[in-house]
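Number of protein chains: 2
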Amino acid sequence: MKRKQRNTPQRSEILKYLEGNKNHPSAYEVYYAVKKRMPNVSFATVYNNLKKMTDNKEIMEINFGDKKRFDPDTSLHDHFFCVKCSRVFDIPKVMKNVSYKNFKILSHMTYITGVCEDCIKKGG
Amino acid sequence: MKRKQRNTPQRSEILKYLEGNKNHPSAYEVYYAVKKRMPNVSFATVYNNLKKMTDNKEIMEINFGDKKRFDPDTSLHDHFFCVKCSRVFDIPKVMKNVSYKNFKILSHMTYITGVCEDCIKKGG
DNA sequence: TTATTTAATTTGAATAATTCTAATTAAGAA
DNA sequence: TTCTTAATTAGAATTATTCAAATTAAATAA
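Heads up: the sequence lines are chains C and B, in that order.
With my numbering, letter number 100 in the first sequence gets 635, and the count goes up by one each step, no holes.
With my numbering, letter number 76 in the second sequence gets 611, and the count goes up by one each step, no holes.
Here it is, written out as structure tokens:
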């Protein structure tokens, strides 16, 4: 008998922080924000929840090499990392349908690194 | 006066292990292999060298979320990760010229996740 | 050639990221 | 309302990565 996902206060706070968040926060940033409202929450709980939410496709995991970041927007899109300001930008999907040999494709993401418009204007 | 890169025995062993290697080893795998020939080498040295080689574009860093892997093939190509056998495959570049707004593009890489042909045949 | 100088490199130690597991708890069943 | 149990929590452990003091390759001077 499969139990449904439990609705814990920790999970609610994490979701509340992420909803509509365009900043692509890291696990630590989520932890830091949630901790303000729930001082006893543990970093492991934040990790566990972020992992579960990613598995459930409630959020998306972004991996630019330094550390994982999280995006509550699960619509089809890719990401751009600015090496000057370190911000992550949402960008339209570079390639919608990808295939290779007879391999079964489950998901794909394109990571772009460069300098954003703001930083170019400031003299990047 | 800019000094040139130094030619240390540690660096040579790391390069020797990587050259022609199609297995996309992790930093630990490189360390483990090099340690067999140089028992006193430190993990930090392997890290430092892999980072420097990546900066020099002598090798390429691959980031599928679990941990960093390294690829001595720096020609234009993307990567596929098989969720069954955990192998990383080289695949042709999904998209050669990428652009977005006026952003300056420095590099881009597409990561594909799925099931490889071998694993499908075995009943994936 | 050999000694001196110095910045690149090395490495043990420190820090940061992530996972593990025993204890706790939300919610379905009695 | 109480009992039961699998999902969740969180401190501890592990794994990944970086730091900084000591070492060393190689450029330059003697």
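All C-beta atoms in this analysis are idealised placements derived from N, C-alpha and C, irrespective of residue type, glycine included.
Around cysteine 620/C, no beta-carbon contact reaches into chain B at under 8 Å, the shortest distance being about 12 Å. A distance below 8 Å between beta-carbons, with the five flanking residues on each side excluded, links lysine 631/C to the following residues of its chain, in chain order: Leu611. Arginine 572/C sits in a helix when the DSSP states are folded into three classes.
Contact of methionine 630/C with chain B by beta-carbon distance below 8 Å involves Val629, Met630 and Thr645.
The CB of glycine 600/C comes closer than 9 Å to the CB of Glu596, Asn598 and Lys603 in chain B, given here in chain order. For cysteine 617/C, the three-state secondary structure derived from DSSP is strand. Excluding the 5 residues flanking it on each side, isoleucine 640/C has same chain C-beta neighbours closer than 7 Å at Val633 and Ser634, in chain order. Taking 8 Å as the threshold, the shortest C-beta distance from asparagine 584/B to chain C does not fall below it.
Contact of glutamate 652/B with chain C is assigned, a C-beta pair being separated by under 8 Å. For leucine 553/B, the closest Cβ of chain C is not nearer than 8 Å.
Taking one beta carbon from each stretch, the segment 617–628 of chain C and the segment 600–610 of chain B have fewer than 3 pairs nearer than 8 Å; the two do not touch. The three-state secondary structure of tyrosine 635/C, taken from DSSP, is coil.
Under the Cβ criterion of 8 Å, isoleucine 655/C is counted among the residues facing chain B. For the pair glutamate 593/C and threonine 648/B, the Cα-to-Cα distance works out to about 18 Å.
One Cα belongs to valine 569/B, the other to asparagine 556/B, and the distance between them is close to 13 Å.
Between the beta-carbon of lysine 587/C and that of alanine 562/C there is about 13 Å, and that puts the pair past the 8 Å contact cut. Beta-bridge analysis with DSSP links serine 547/C to no other residue.
Residue pairing from DSSP places asparagine 598/B in a beta bridge opposite Lys603/B. Asparagine 542/C and leucine 550/C have their C-alpha atoms some 11 Å from each other. For aspartate 625/C, the enclosing beta strand (DSSP E) stretches over residues 623–627. Residues of the segment 554–576 of chain B with a C-beta atom less than 9 Å from some C-beta of chain C do not occur. In the three-state reduction of the DSSP assignment, methionine 630/C falls in the coil class, being assigned neither a helical nor a strand state. Spanning the alpha carbons of methionine 644/C and glutamate 596/C requires a straight line of approximately 10 Å. In this structure, the straight-line span from the alpha carbon of valine 650/C to that of proline 544/C is close to 39 Å. For cysteine 654/B, the enclosing alpha helix (DSSP H) has its first and last residue at 652–656.
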